[in-house]
Amino acid sequence: MQHGEQSGAKKAAAWVVSPNGQVKREMAVEAARGEGAAAAAGAGEEEEEVQAGGMIAAAVGDGFEGVEISVRIDLAVLHCPLCLLPLKPPTYQCAAGHLACSSCHGDVPGKKCHTCGGGGGGGVYARCPGLDTFLRAAKILCPNDLFGCRSYVAYHDVAAHQRACPHAPCSCSEPRCDFLGSPPMLLAHLVADHSWPVSKVPYGEVLTIHVPESERRHLVVAGAAGGDDERVFVLSVGALGVARAVSVACVRANAAAGPRYRCKLWAHAPGGGAADFVHMDSAVASSAAAPGGEVAVDEEARFLTVPPCFLHLLDAGTSKEMLIRLSISIDIDIDMS
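Here UniProt numbering is used: the sequence shown runs in plain steps of one and ends on residue 337.
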């Protein structure tokens with residue numbers, strides 16, 4: 001190779017995982033092909049090898065900083081062999097390699113290994129910081145990814161994440177409908193496939209709606225003005241003797257996902273003026289399914305009782321169907337959130 005060709009070669013760092021489990025850092029050389037080029041590339045090649053016994057737990061070098069890979073791991077590796085629960089830091093290991101989670105480690109006297117310490121072999125547990133690092137880095141996609149969650153969570157934290165995941169699926173309450181989806185997906189389904197009426201209102205503002213007896217439910221989408229973090233609520237009307245019970249629920253599978261909400265609800269009497277109404281101010285319950293036309297009236301339920309004299313004619317002279325004229329205001333409960 002001529003001198004000009006050699007000096008004009010461009011070198012780019014590359015990481016290569018070889019079949020024997022070694023990780024090599026190589027300098028790839030771009031130059032004219034030929035025996036001279038091959039010789040120059042071989043002479044200029046830089047290699048750093050990191051041995052990995054079956055699994056690469058960590059690699060030394062700035063080239064791996066911030067780089068993530070996808071791997072397949074036997075699930076048993078991520079669970080305590082004693083209690084079978086997911087391992088999470090701090091973890092413990094004896095000299096023979098037997099593992100224990102912090103709970104199981106605390107159950108034995110003298111920190112003796114469950115497997116080899118009890119027989120007088122002297123196996124004693126010690127902290128395993130390498131495994132702790134691996135467990136913190138071993139992340140999986142949230143199981144609710146089908147419903148819109150894109151979070152990657154440490155494997156040992158998945159259960160806690162699912163209990164608070166705002167994308168946890170909710171079900172449809174329509175008969176013989178097995179739809180399952182996140183609250184926004186369920187909202188779109190109820191409107192498009194079941195023709196549920198829907199109204200939008202900013203937090204803290206008042207929405208007035210008419211609910212005919214034949215509908216018995218109305219979707220309300222509330223959110224901050226100009227924001228995109230909207231929540232789905234269902235206003236339901238059910239029979240309560242000759243009266244009506246009206247309730248409001250936030251559609252979400254996990255109330256722990258927060259925040260908490262309060263609802264102010266008014267039912268207006270026909271022709272009674274602005275001062276003739278019944279009123280309720282209450283915390284909003286959560287429901288993992290969009291409530292249908294039934295309203296729970298047990299001791300724990302929150303509902304507004306609407307007297308029969310508060311029912312309006314839907315269209316005087318052409319219909320005998322009655323409706324309830326309601327005003328609703330939903331806001332985040334600062335005291336509870």
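Backbone N, C-alpha and C define an ideal beta-carbon position, used for all residues, glycine too.
If only complete runs of 4 or more residues are kept, the region 124 to 196 shows the alpha helix (DSSP H) at 129 to 137, 158 to 164, 183 to 194, in order along the chain. The continuous beta strand (DSSP E) containing glycine 238 extends over residues 231 to 240. A check of alpha carbon separations from arginine 163 across Ser173, Pro143, Leu180 identifies Pro143 as the nearest. The straight-line gap separating the alpha-carbon atoms of phenylalanine 134 and isoleucine 332 is approximately 39 Å. Glycine 223 is a Cβ neighbour of arginine 231, given a cutoff of 8 Å. In the structure shown, lysine 111 adopts helical secondary structure according to DSSP, grouped into three states. DSSP, reduced to helix, strand and coil, places leucine 326 within a strand of the structure shown. In the displayed model, phenylalanine 303 falls within coil according to three-state DSSP, outside both helix and strand. Secondary structure note for glycine 223: its beta strand (DSSP E) is the uninterrupted segment 217 to 223. Valine 248 is bridged by DSSP to Leu235. A contact is defined here as three or more CB-CB pairs under 8 Å, and the region 162 to 177 fails this definition with respect to the region 202 to 216. The residue among Ala289, Asp229, Leu99 with its C-alpha nearest the C-alpha of cysteine 80 is Leu99. For glycine 271 and glycine 204, the gap between their C-alpha atoms comes out near 26 Å.
Between tyrosine 155 and alanine 138, the C-beta spacing is below 8 Å.
Distance check between proline 90 and each of Asp74, Gly130, Ile73, Gly110 places Gly130 closest, using alpha-carbon atoms only.
Cysteine 104: member of the alpha helix (DSSP H) spanning 102 to 106, first to last residue. Using a Cβ distance threshold of 8 Å, alanine 290 and valine 237 do not count as a contacting pair. Here the alpha carbons of alanine 255 and tryptophan 266 stand approximately 25 Å from one another.
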